[in-house]
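Inspection log for the structure reproduced underneath, given as structure tokens.
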Amino acid sequence: MLDKAAFFIEVVRTGSISEGARIYGISTSAGSRWIKELEEELGVSLLMRSTRTISPTDVGKELYEQYSPIYQGANDVFTGIQNLGHEISGLIKIAATPLFAQKFLSQIVGEYLAMHPKVSFKIIETALPVDHLHEVDFSIKAHATYKGHLDKDSLLIKRVLLRYPLVACCSPDYIQKYEEPMTPEELKYHNCLYTSTLVGGNRWQFEKGGEFTTVEIAQTIEIENSMFVKNVAMQGGGVAYLPKQLVKGELREGSLVSILNDYVKSEFELSLYYQKRTQMPARCTDFKDYLIKRTKQLKDEM
741 MLDKAAFFIE
751 VVRTGSISEG
761 ARIYGISTSA
771 GSRWIKELEE
781 ELGVSLLMRS
791 TRTISPTDVG
801 KELYEQYSPI
811 YQGANDVFTG
821 IQNLGHEISG
831 LIKIAATPLF
841 AQKFLSQIVG
851 EYLAMHPKVS
861 FKIIETALPV
871 DHLHEVDFSI
881 KAHATYKGHL
891 DKDSLLIKRV
901 LLRYPLVACC
911 SPDYIQKYEE
921 PMTPEELKYH
931 NCLYTSTLVG
941 GNRWQFEKGG
951 EFTTVEIAQT
961 IEIENSMFVK
971 NVAMQGGGVA
981 YLPKQLVKGE
991 LREGSLVSIL
1001 NDYVKSEFEL
1011 SLYYQKRTQM
1021 PARCTDFKDY
1031 LIKRTKQLKD
1041 EM
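Take any residue in the sequence shown, count from 1 to its spot, add 740: that is its number in the numbering used here.
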């Protein structure tokens, strides 16, 4: 019955028998049978089913609320027992924004594997939200921090890895063709290139003399890859809003030009997120500490 109750927790959490079965490692038909058998053993109806959704009954909600902490506690006990082993081994799952994966994570993972050959990694290169309970152990996300910014991942532990100022920039050819925008409001009439997960959508914020200006920019290109945005800007495709560290070479060489220099821009922040847990696998704890240490050492080499 305990396995079936644990599976029920996954079904309620995901809102799907098929998704719960995928996470639990059984077939959808077996999952449906388990739910039916659990209801028969308890003598109550636990789920309300329709053609599109599955939701718990009042009794099902009660079971979910009471059994969820027990289920998580049991998982923590098993993790603690595994941590008693002396050698670091096992799988570490990480979701990372493409910029961090290419500039930092590939080197850090390579170094870590050389030290701990029994560890394996699954790396998901994405800037989109992920499931911290089952898909990944860690995620590394980029944000632009600005006045009024609220972190959407407040239920997770957050460790800031690095911060860089953002810079609005474009190519000299773009300025020659369209003229240089002199105020943030003029960006509304320019080709603007952005990553929505970095700047929070198509709203860029600037500050001058203590006054903040938020501009809803024209949406020319939206892509979750800062390197792509930089390359498009270098070809004269528009104005980009990127970490200064990422474009410092191009600014120095003149292939990109910093604009709106009288205004203070937002900051680019890369942060590590992970689930609050009583027991974290030893491999995850050790790698987390190494990741934080090495990122600080490598940040000026970006």
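Heads up, the beta-carbon is just placed ideally off N, CA and C, and yes, glycines get one too.
Here the structure is a predicted model, which is why all the values come from computation and not from measurement.
So is residue i buried or exposed if we call it buried at 16+ other beta carbons inside 10 Å?
i	result
D798	exposed
S1006	buried
S795	exposed
L742	exposed
T1035	buried
D1029	exposed
Y929	exposed
G813	exposed
V817	exposed
I775	buried
E802	exposed
Q806	exposed
I880	buried
What are the boundary residues of the alpha helix (DSSP H) that residue i is part of?
i	result
S966	S966 to M974
L1031	A1022 to L1038
V752	L742 to T754
R719	Residue 719 is absent from the structure shown; the chain starts at 741 and stops at 1042.
On the three-state DSSP scale, how would you describe residue i?
i	result
E925	helix
I832	strand
T935	coil
Y852	helix
S995	coil
A770	helix
R792	coil
P869	coil
E780	helix
P983	strand
L787	strand
V817	helix
V1004	strand
E875	coil
K1016	coil
G978	coil
Per DSSP, residue i is paired with what?
i	result
K948	E951
I864	A835
S1011	K881 and V900
V725	Nothing about residue 725 can be reported from this structure: the residues present for the chain run from 741 to 1042 only.
K917	None, per the DSSP bridge assignment.
R943	E956
With residue i as the anchor, note down where its beta strand (DSSP E) starts and where it stops.
i	result
I957	First-last for I957: undefined, no H or E at that position.
P905	I897 to C910
A841	Element bounds for A841: n/a, residue is neither H nor E.
Thinking C-beta only, is residue j closer than 7 Å to residue i?
i	j	result
I915	Y1014	no
C909	L839	no
C932	A958	yes
L1010	L901	yes
R1023	G850	no
S911	T935	no
D877	K833	yes
I749	S808	yes
A882	T923	no
Y918	P983	no
R943	E926	no
K744	L778	yes
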